[in-house]
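**Q** The structure under discussion is supplied below as structure tokens; questions concerning it will follow.
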Amino acid sequence: MTSIRTRFAPSPTGFMHVGGVRTALFAWLLAQQSKKINGEGTFILRIEDTDKVREVEGSIQQIENSLKWLGISWDEGVDQGGPDAPYKQSERLAIYKEWAQRLIDAGRAYADPYTPAELEAFREQAKAEKRPFLYRNHRPENPPTWDGTQPLRFKSDPKPYQWTDAVMGNLSTGEDAIDDFILIKSDGYPTYNFCHIVDDAIMGVTHVLRSQEFISSTPKFLNLYEALEVERPTLATLPFVMAIDGKKKLGKRDGAKDILEYAKEGYLPEAMANFLATLGWNDGTEQEVFTVQELIDAFTLSRVQKSPARFDEQRLLWLNGQHIRALSLDDLYARVEDFWPVVAKNTDEAHKKQVLALVQDRLKTLADLPILTEYFFTEPSPDWEMVSTNKQLKKLNQEEIVTLLAATKAVIADIPESDFVAENIQDTLNQLLETTGQKPGILFSLIRLAVSWAPFSPALHDTLATLGKDTTLRRLTESIESL
RNA sequence: GGUCUCAUCGUCUAACGGUUAGGACACCAGGUUUUCAUCCUGGCAAUCGGAGUUCGAUUCUCCGUGAGAUCACCA
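Taken in order, the first sequence gives residues -1 to 481; the numbers are from our numbering.
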């Protein structure tokens, strides 16, 4: 494998959604793989800001933050430079002008003399005659010298194309797909169609990954590569990521979320990377859960799916749980810093870690932490409806409840402070089961509610051990008194 | 409308032309002495339709059908 150079080239028009991030991820994986195999591999972050109208303030920062969150770093790019700096297209206008001049000199570009109204008339005429509109059918015979105030058009060489796409396989089109498109707009900025090809050539990009919507523009690009006499990179067209319920491609207008929203919702970046990578790609084995390193090793363009995939949040949620459980306690602790319930604010690290260990298996997202742990940090309010609506406990009358809780208090109080650990508590409670003649479903459920007043909690003996002897006794007392 | 692309369980997918069409998510049932979750076991569930090629098509070809993309001085 030769050394791979890939790039991610977003336009700064807002936040990043999952579709865009997946394209970046695949390109990055390819570069990392190349780095690993032969020591060389480059991932470039280039900003395509040639549409000043659609540009959104702060987008570049947002894009960088999104990539960083996912663990994607770039070797060359806007904020850190590189051999082909600048990496912002609005700062490269002179380069595009120079390349455009080459095309003009070679007779492959000309000034567009028509007004927008005239163009519109051509279009309507074509529509009325039910034939496709092609600008080249109206190519002016003696175009004016280009002075930068008119758009500069590519003089295309229409012909059928056949090419191989690294994902889609063999593709072909007829000559109708080729037209005289605009290279440089009348505002002096180049179009995407032109400048991305120039930049990819200058930057030595070997693999161009982009989403499916560009597939029908590819023949135009092929035509331009020839006119520019530059080598064509490997083209890889990724299928769309579709909206969850609909059949439309996932876009900002169709409810696509900012990737950073998922961070706020408690998703792990490695889970998101795993999810995005396996959305439309698999390594041919039955492995479902991948670390980022495993993805780097296993990724191949040839195994990317040709058909669009739907964004399945259930699967993302499951993967997130898998990755949370794979974390060491210390690592998890570092990640949940912003997710503790506010009442845990002044709790010491040791206790928080103890609680965290108990709920690690129960977290689907980091944001589940408060509901799972709040009662460890603050006194819960007794809610006897939880007992009266419980299908096992509702048979108990008030007297029985008091008797059982009082008995529990007594045996708990008998455990020496220094022996108040899960194992001993379990033994004690098991004995209590025998002396009271109760089933675990009744006695344990009652105790669990009396000390936590939570809809669910970890194993009872673990919960009590973590609460500590004093707290356990206090809550039992409070619960009895509140009855 | 022109051009182009795609098509296996509800979803994500596996299957060098030969498999009882496999796995995962979700869902359902059972188990792990309370709950929730984890974990384990089992269950439900698919090759868009029609021709052809072949001893044999999920797989190759053609025609339909369905879905999507694109036809900008947006990227």
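Ideal placement from N, C-alpha and C gives every residue a C-beta, glycine not left out. Quick caveat, the model's predicted, so the values are computed rather than measured.
Can you tell me where the alpha helix (DSSP H) holding A365 begins and where it ends?
**A** Note, A365: premise wrong, no alpha helix (DSSP H); not H, not E.
**Q** Looking only at its own chain, which residues have a Cβ that is under 7 Å from the Cβ of A124, when we skip the five neighbours before and after it?
**A** Answer for A124: P130, F131, listed in chain order.
**Q** What is the DSSP secondary structure of M240, counted as helix, strand or coil?
**A** Reduced to three states, the DSSP call for M240 is strand.
**Q** Should the stretch 267 to 287 be regarded as contacting the stretch 13 to 25, the criterion being three or more beta carbon pairs within less than 8 Å?
**A** Because the criterion of three Cβ pairs below 8 Å is met, the stretch 267 to 287 and the stretch 13 to 25 touch.
**Q** Where does E55 fall in DSSP's three states?
**A** Coil, per DSSP.
**Q** Taking T434 and L441 to be in contact with their CB atoms under 8 Å, please state how far apart those CB atoms are, rounded to whole angstroms.
**A** About 6 Å; that satisfies the 8 Å criterion.
**Q** Taking a contact to mean a Cβ-Cβ separation below 8 Å, would you say H205 touches A234 in this structure?
**A** Going by C-beta atoms, H205 is nearer than 8 Å to A234.
**Q** Among the residues of its own chain, which have a CB less than 7 Å from the CB of G146, if the five just before and after it don't count?
**A** So the list reads G186, once near-sequence residues are dropped.
**Q** Just curious, the alpha helix (DSSP H) that F24 is in, first and last residue?
**A** F24 -> alpha helix (DSSP H) spans 16 to 36.
**Q** Please confirm if the stretch 283 to 294 is in contact with the stretch 389 to 402, defined as three or more CB-CB distances below 8 Å between the two stretches.
**A** Because the criterion of three Cβ pairs below 8 Å is not met, the stretch 283 to 294 and the stretch 389 to 402 do not touch.
**Q** Determine contact between the stretch 351 to 363 and the stretch 322 to 331, defined as no fewer than three beta-carbon pairs at a distance below 8 Å.
**A** Contact between the stretch 351 to 363 and the stretch 322 to 331 is present, because at least three Cβ pairs lie under 8 Å.
**Q** Check whether the stretch 301 to 313 and the stretch 99 to 116 touch, using three or more Cβ-Cβ pairs below 8 Å as the test.
**A** No: fewer than three Cβ pairs fall under 8 Å.
**Q** Could you check the C-alpha separation between Q59 and N135 for me, to the nearest Å?
**A** Approximately 43 Å, taken between the alpha carbons.
**Q** Here's the rule: buried if 16 or more other CB atoms are within 10 angstroms of the residue's CB, otherwise exposed. What is Q30?
**A** By the 10 Å Cβ count, Q30 comes out buried.
**Q** Assess, as a yes-or-no matter, whether the stretch 78 to 89 is touched by the stretch 221 to 241 under the definition of 3 or more beta carbon pairs within less than 8 Å.
**A** With the cut-off at 8 Å, the stretch 221 to 241 and the stretch 78 to 89 do not touch.
**Q** Using only the alpha-carbon positions, how far apart do P453 and W338 sit?
**A** Distance between the alpha carbons of P453 and W338: 18 Å.
**Q** Would you list the residues sitting across from W279 in a DSSP beta bridge?
**A** DSSP, once it has assigned bridges, lists V302 as partnering W279.
**Q** Could you check the C-alpha separation between L317 and D163 for me, to the nearest Å?
**A** Each residue's Cα considered, the two are about 31 Å apart.
**Q** What does the Cβ neighbour count give for R52, buried or exposed, with the cut at 16 atoms within 10 Å?
**A** Answer is exposed; the Cβ neighbour count stays below 16.
**Q** Buried or exposed: where does L481 fall if 16 or more other Cβ atoms within 10 Å of its Cβ makes it buried?
**A** Exposed, by the Cβ-count rule.
**Q** DSSP on Q436, reduced to helix/strand/coil?
**A** Note: Q436 maps to coil in three-state DSSP.
**Q** Classify E74 as helix, strand or coil using the three-state DSSP reduction.
**A** Strand, per DSSP.
**Q** Between the beta-carbon of I42 and the beta-carbon of D73, is there less than 8 Å?
**A** Taking 8 Å as the Cβ cut-off, I42 and D73 qualify as a contacting pair.
**Q** By the three-class DSSP mapping on this structure, what secondary structure does S209 have?
**A** If DSSP states are grouped into helix, strand and coil, S209 belongs with the strands.
**Q** Please tell me whether R313 and D281 are closer than 8 Å, where the distance is taken between their beta carbons.
**A** Taking 8 Å as the Cβ cut-off, R313 and D281 do not qualify as a contacting pair.
**Q** Alpha carbon to alpha carbon, what distance is there between L27 and P237?
**A** Between P237 and L27, the C-alpha separation is close to 17 Å.
**Q** Would you check if the distance between the CB atom of L117 and the CB atom of L150 is smaller than 8 Å?
**A** Result no, Cβ atoms of L117 and L150 do not sit closer than 8 Å.
**Q** Could you give the DSSP three-state label for L465: helix, strand or coil?
**A** Three-state result, L465: helix.
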